[in-house]
Every structure is written in structure tokens, then in C-alpha cells.
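J.: The structure under discussion is supplied below as C-alpha cells; questions concerning it will follow.
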DNA sequence: ATGTCGCAAGCTTTGCGA
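Residue numbers (full-length UniProt numbering): 1 to 279.
As C-alpha cells, then:
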């Protein structure tokens, strides 16, 4: 099974590029971020014509996450338990929940599509929202893993964090910037501490997943590695390959992010490989 | 050039978010 994550930066602007890539790359399951639309606005027909069903969490023109899959999706869950909100308080005093998370199960593999808050600036309310969101994510992960021992589980998406200095083109540009601050990196490390592993790093140690549209960032290769697939041990044991599809930043009307892919061998875990042997 | 996108509102542009 081939699984990918991609911040598409508006699915309505990118639908042909995304579906063409899915078919061309033989992808079974795609987690999307920043679809920037509601269910009514989502280009369902283009996906079904390409052979994919879609489940999504889209509230308005901001954020929005989705899964497209050509294998059946089960147990669709919007958000995650304890996900914090942001913005102007509702009449009951709570903060509105944004469309930044959802989960599905495909072939027994549990996957969450995540669009972590950007943070805007160090010290901004959105920055503290980002840190709390990541803390709640670690807690929800801990709970899920405890309640589903042995089940493959992965969180994937745009984390808006560059964990290593080499994950940005010039760390000296990022003094006092979001995405590289110690609290953000500690929040990312906390996800690893509760049992999630950056599996793509094992196969692709260096390379960016995002290049700003501004300032010729892509031609200069001034990018950032901020999109990740973090898997439980039972997930990473299934992974046979991983790749970052840098070419998707080229050409006409690209997203500013590129797809990140893992290949899974679903027969690998149980030691009872029932695939036909070929002599 | 603080250099580009995408969105909504309701315009032929502005403000916001990234």
C-alpha cells in the first residue's frame, strides 16, 4: 500500500495536478492539508473519476484536511480527542475548533492527517496555540496507542516545524523565528518520545518539502523540511521505502509543498507472508 | 522590491493568512 501526505494549498486550485500525480505515482491513500474549502466545494467528481473516494474536514476557506483513498476508509474521525480551539470565544465560553485534523483507517492502518498551526510569530497567541495543539496531539497519540496495542498508526501532514538546523536552508536567517524555536522542537521531540518515529528520515536523510512562493525560494533551493510521516513501531515495521517528490514544486501552478510518500508491505508484520512465491 | 499565492467580499481592489 502506498501512502502519501501533501499540503495542497487549495484543492480547488490544484485538483488536476493532485489527481494526475496520484494516478501517475500509483498512490493508494493521500492525506491532504490546506484544502481551503467545505465539503460542498470539494471537487469530488475529479477524485471519483480518478478512482478515489474522499473524506474531509473542511469548515471554511481556511485550513481543512482530507483523505483520498482508492481502498475503503473506515472509522472516520474529525479532529482528535482534546484538540484545542482558537479565536473568538463561543457563547458557551469555548474556542472554535479549526479544521486541522482527522483520522481514517485503511487496511487496518490508522492514519491522521494534520495541519499544525503555523504560529505566526514567537510570542503571538497563535504560537501558544501551536504549542498547546502539539501537546494535546501527543496526549491523544498516547491514549490511542494504549487503547490499540499492536495496531499500525501514523500521523502525517504539515507540522510547521523544522526539527534540525539542516531542515532550513540557512539557520542564521531563522533567529527569533517560528518553526525552529526550542519549544517547537521540544514539542516535536515529545511526539517521538511517546512512540512515533520519523520514518521518512531513515530513507531520505536530507531535503526540503516546502519552498515559499516569494523571493525565488525554489530556484535558489531555499526551502524547509516541515512535512512528516511519523509512525508507531507497528507502522514503521511495514515501511519498505519512502520518498519526497520534489518535482511537484516545478511547472505550472504548484503548491508550495511537495508530496511525501511511504510504501508499506502489509504482509511484513506477522511473519506469515502469504504472497505467491515466484521461481 | 517586503519580490507570491489563494481566499472572500463584492471590486476590477483590498485585507488576511501563509
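Where is the CB? At the ideal position from N, CA and C, for every residue including glycine.
In this text, all values refer to a predicted model and were calculated from it rather than measured experimentally.
Using three-state DSSP, classify residue 153 as helix, strand or coil.
T.: Three-state DSSP puts residue 153 in a strand.
J.: Taking the alpha-carbon positions, what's the residue 164 to residue 180 distance?
T.: Going from the Cα of residue 164 to the Cα of residue 180 covers about 8 Å.
J.: Within a Cβ cutoff of 8 Å, which residues of the same chain sit near residue 2, ignoring the five residues on either side of it in sequence?
T.: Once the five neighbours on either side are set aside, the close Cβ partners of residue 2 are 25, 26, 27, 28, 29, 261, 262, 263, 264.
J.: Measure the alpha-carbon distance for residue 213 versus residue 80 and round it to whole angstroms.
T.: Those two C-alpha atoms are separated by around 31 Å.
J.: Apart from the five residues just before and just after residue 121, which ones in its own chain have a Cβ nearer than 7 Å to its Cβ?
T.: Same-chain partners within the cutoff: 127, 178.
J.: Look up residue 240 in the DSSP assignment and say whether it is helix, strand or coil.
T.: Strand.
J.: Please report how far the alpha carbon of residue 298 lies from the alpha carbon of residue 105, in whole angstroms.
T.: The structure shown does not extend to residue 298, since the chain spans only 1 to 279, so no value can be given for it.
J.: In this structure, does DSSP put residue 11 in helix, strand or coil?
T.: Looking at residue 11 - three-state DSSP - the assignment turns out to be helix.
J.: For residue 256, which residues of its own chain have a beta-carbon under 8 Å away from its beta-carbon, when the five flanking residues on both sides are left out?
T.: Here the set comprises 7, 9, 210, 211, 212, 213, 249.
J.: So what does DSSP say about residue 69, is it helix, strand or coil?
T.: Correct three-state label for residue 69: strand.
J.: Roughly how many whole angstroms lie between the Cα atoms of residue 84 and residue 92?
T.: Going from the Cα of residue 84 to the Cα of residue 92 covers about 15 Å.
J.: Please check the pair residue 234 and residue 150, which I expect to be a contact at CB under 8 Å, by giving their CB distance rounded to whole angstroms.
T.: At roughly 6 Å, the Cβ-Cβ gap stays under 8 Å, so residue 234 and residue 150 are in contact.
J.: Which same chain residues, not among the five before or five after residue 168, have their C-beta less than 7 Å away from its C-beta?
T.: Around residue 168: 162, 174, 180, 224.
J.: Please state the DSSP three-state secondary structure of residue 207.
T.: In the structure shown, residue 207 sits in coil (DSSP, three-state: anything other than H, G, I, E or B).
J.: Suppose contacts are defined by Cβ-Cβ distances below 8 Å. Is residue 22 in contact with residue 35 by that definition?
T.: No, the pair does not count as a contact, with Cβ atoms beyond the cut-off.
J.: Beta-carbon within less than 6 Å of residue 279's beta-carbon, same chain only, minus the 5 sequence neighbours each way: which residues are those?
T.: In this prediction, residue 279 scores a pLDDT of 47, lower than 50, which makes its location untrustworthy; the coordinate-derived value is nonetheless stated afterwards. Cβ neighbours of residue 279 beyond the five flanking positions: none.
J.: In terms of DSSP beta bridges, what is residue 32 paired with?
T.: DSSP lists 6, 66 as partners of residue 32.
J.: Could you round the C-beta distance between residue 207 and residue 244 to whole angstroms and report it? I think they count as a contact, below 8 Å.
T.: With 8 Å as the limit, residue 207 and residue 244 qualify as a contact, their Cβ atoms being about 5 Å apart.
J.: Helix or strand or just coil, what does DSSP make of residue 105?
T.: In the structure shown, residue 105 sits in a strand (DSSP, three-state: E or B).
J.: Check the DSSP bridge columns for residue 229 and list the partner residues they point to.
T.: Residue 229 pairs with 156.
J.: Can you name, in chain order, every residue of its own chain whose Cβ lies under 8 Å from the Cβ of residue 44, other than the five neighbours on each side?
T.: Excluding sequence neighbours, residue 44 sits near 54.
J.: Which whole-angstrom value is the C-beta distance of residue 47 and residue 19, which I expect to be below 8 Å?
T.: Contact flag correct, Cβ pair sits at about 6 Å.
J.: With a CB to CB cut of under 8 Å and the five nearest residues on each side skipped, what residues in its chain are close to residue 136?
T.: Same-chain partners within the cutoff: 80, 82, 83, 84.
J.: Beta-carbon separation of residue 199 and residue 231 under 8 Å?
T.: Contact: yes.
J.: Assign residue 275 to buried or exposed, taking buried as 16 or more other Cβ atoms, counted over all protein chains shown, within 10 Å of its Cβ.
T.: Per-residue confidence for residue 275 stands at a pLDDT of 49, beneath the threshold of 50, marking its modelled position as unreliable; the derived number appears in the next sentence. Result: exposed.
J.: What are the residues that DSSP puts in a beta bridge with residue 110?
T.: Its beta-bridge partners are 105, 153.
J.: Do the CB positions of residue 60 and residue 115 come within less than 8 Å of each other?
T.: No, the Cβ-Cβ distance between residue 60 and residue 115 is not below 8 Å.
J.: Could you give the DSSP three-state label for residue 221: helix, strand or coil?
T.: In the structure shown, residue 221 sits in coil (DSSP, three-state: anything other than H, G, I, E or B).
J.: Could you give the uninterrupted runs of the alpha helix (DSSP H) lying entirely in the segment 122–151, keeping only those of 4 residues or more?
T.: With a minimum length of 4 residues, the continuous alpha helix (DSSP H) runs that stay inside the segment 122–151 are 125–147.
J.: Under the rule that 16 or more other beta-carbon atoms within 10 Å means buried, what is residue 252, buried or exposed?
T.: Flag for residue 252 reads exposed.
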